[in-house]
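J.: Numbering (UniProt numbering), first residue to last: 1 to 308.
Quick one: structure below, then a few questions.
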């Protein structure tokens with residue numbers, strides 16, 4: 001069954017299904033390119049910290065299927081992608097079908113109609129490109145996020161590699177992947193906090209982490225914002241901290257998923273991050289995501305960030 005959803009409203013359940021399918025199809029393209037002899041790595045420039053920003057054929061291929069898949073099905077929705085490949089440069093585009101398929105939890109979701117002018121969809125066709133070029137595939141994800149009036153309400157993070165690809169999704173107050181469940185362990189959090197940070201865009205974040213969480217905090221350097229957000233909701237880490245600029249397509253899906261489970265995802269200035277179509281594409285105020293005792297951590301972050 002195929003849909004071309006041209007109407008005065010947007011059905012959020014169908015947009016969730018399209019987001020899941022787009023993320024998975026983008027992941028398929030990424031895996032396919034990884035098996036080729038040349039992934040055609042180039043540079044898009046450098047970050048303010050002087051770190052190279054790579055891009056590959058996989059980024060573009062994934063963008064094509066994800067961006068145009070969603071845009072053609074929901075032409076009235078504003079879609080923002082990390083990549084800018086034009087449709088004429090995309091080959092063999094196959095429309096989305098938005099069939100629920102085998103995803104548990106999606107079959108009984110409500111139909112909710114929303115004004116498309118209030119919706120912004122953020123797409124990251126390949127999160128952790130640097131790690132992708134290094135064949136560190138465990139960090140790689142594709143992501144889709146739906147924001148309503150600037151607030152993230154649907155997040156999809158797909159891991160295309162591993163023995164079996166895995167998709168994690170959440171729709172705030174409506175549903176989530178059945179495997180998503182967080183149980184706080186306060187004793188563990190206090191005695192041995194574990195904080196995950198970027199391995200390539202870390203700046204001086206290690207110093208900040210020690211100031212917030214104490215000298216005993218264990219710091220894990222990892223690639224991919226999507227990967228790090230999933231580590232937070234899985235309970236594998238206490239918090240995810242980033243203290244340099246980061247694009248909103250990197251963090252919107254993680255924000256929605258962390259929030260859906262009762263966690264908090266804020267800037268280091270203790271403000272919720274806005275994802276409306278007219279907002280800046282870059283969050284300049286860092287971030288702290290945690291599932292437990294966020295107020296205590298962010299309070300120390302606000303005090304500590306300026307001197308670092």
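Backbone N, C-alpha and C fix where the C-beta goes; we use that ideal spot for every residue, glycine too.
Between the stretch 225 to 234 and the stretch 88 to 99, do three or more beta carbon pairs fall short of 8 Å?
T.: No, they do not touch.
J.: Among 16, 11 and 77, which one has its Cα closest to the Cα of residue 177?
T.: Residue 177 has its Cα closest to that of 16, out of 16, 11 and 77.
J.: Rounded to a whole number of angstroms, what is the C-alpha to C-alpha distance between residue 212 and residue 92?
T.: For residue 212 and residue 92, the distance between alpha carbons rounds to 50 Å.
J.: Can you tell me whether residue 260 is helix, strand or coil according to DSSP?
T.: In this structure, residue 260 counts as helix in the three-state DSSP scheme.
J.: From the DSSP output, in three-state form, read off residue 265 for me.
T.: strand
J.: Which residue wins for smallest C-alpha separation from residue 151, given the options 158, 166 and 171?
T.: 171
J.: What separation, rounded to the nearest whole angstrom, lies between the Cα atoms of residue 160 and residue 140?
T.: 7 Å
J.: Just checking my contact of residue 254 with residue 157 at CB under 8 Å: how many whole Å lie between their CB atoms?
T.: Beta-carbon to beta-carbon, residue 254 and residue 157 are separated by about 7 Å, close enough to satisfy the 8 Å threshold.
J.: Kindly give me the distance between the Cβ atoms of residue 145 and residue 169, rounded to whole angstroms, as I take these residues to be in contact under 8 Å.
T.: Not confirmed; about 10 Å, so no contact.
J.: Roughly how far, in whole angstroms, is the beta-carbon of residue 131 from the beta-carbon of residue 223, given that I think they are within contact range, below 8 Å?
T.: 4 Å
J.: Going by CA-CA distance only, name the one from 22, 162, 127 and 256 that's closest to residue 200.
T.: Shortest Cα-Cα distance from residue 200 to any of 22, 162, 127 and 256 involves 127.
J.: If you run the structure through DSSP and keep just helix, strand and coil, what is residue 309?
T.: What is shown of the chain runs 1 to 308, which leaves residue 309 out entirely.
J.: Rounded to a whole number of angstroms, what is the C-alpha to C-alpha distance between residue 193 and residue 259?
T.: 20 Å
J.: Would you kindly work out how many angstroms separate the C-alpha atoms of residue 264 and residue 290, rounded to a whole number?
T.: 6 Å
J.: Alpha carbon to alpha carbon, what distance is there between residue 143 and residue 252?
T.: Roughly 9 Å between the two C-alpha positions.
J.: Just to check my reading of the structure: residue 57 and residue 125 have Cβ atoms closer than 8 Å, yes? What is that Cβ distance to the nearest angstrom?
T.: No, residue 57 and residue 125 are not in contact; Cβ-Cβ is about 11 Å, not under 8 Å.
J.: Can you check DSSP and say which residues form a bridge with residue 151?
T.: According to the DSSP secondary-structure assignment, residue 151 is paired through a beta bridge with 148.
J.: How is residue 2 classed by DSSP in three states: helix, strand or coil?
T.: Its pLDDT being 47, under 50, residue 2 is placed unreliably in this model, and the value from its coordinates should be taken loosely. If DSSP states are grouped into helix, strand and coil, residue 2 belongs with coil.
J.: Evaluate residue 89 with the Cβ neighbour count: other Cβ atoms within 10 Å of its Cβ, from every protein chain shown; 16 or more gives buried, anything less gives exposed.
T.: exposed
J.: Report yes if the CB atom of residue 309 is closer than 8 Å to the CB atom of residue 61, and no otherwise.
T.: Residue 309 falls outside the range modelled here, since the chain spans only 1 to 308, and no answer is possible.
J.: Give the C-beta separation of residue 275 and residue 147 to the nearest angstrom, bearing in mind that I take them to be a contact with Cβ-Cβ under 8 Å.
T.: 4 Å
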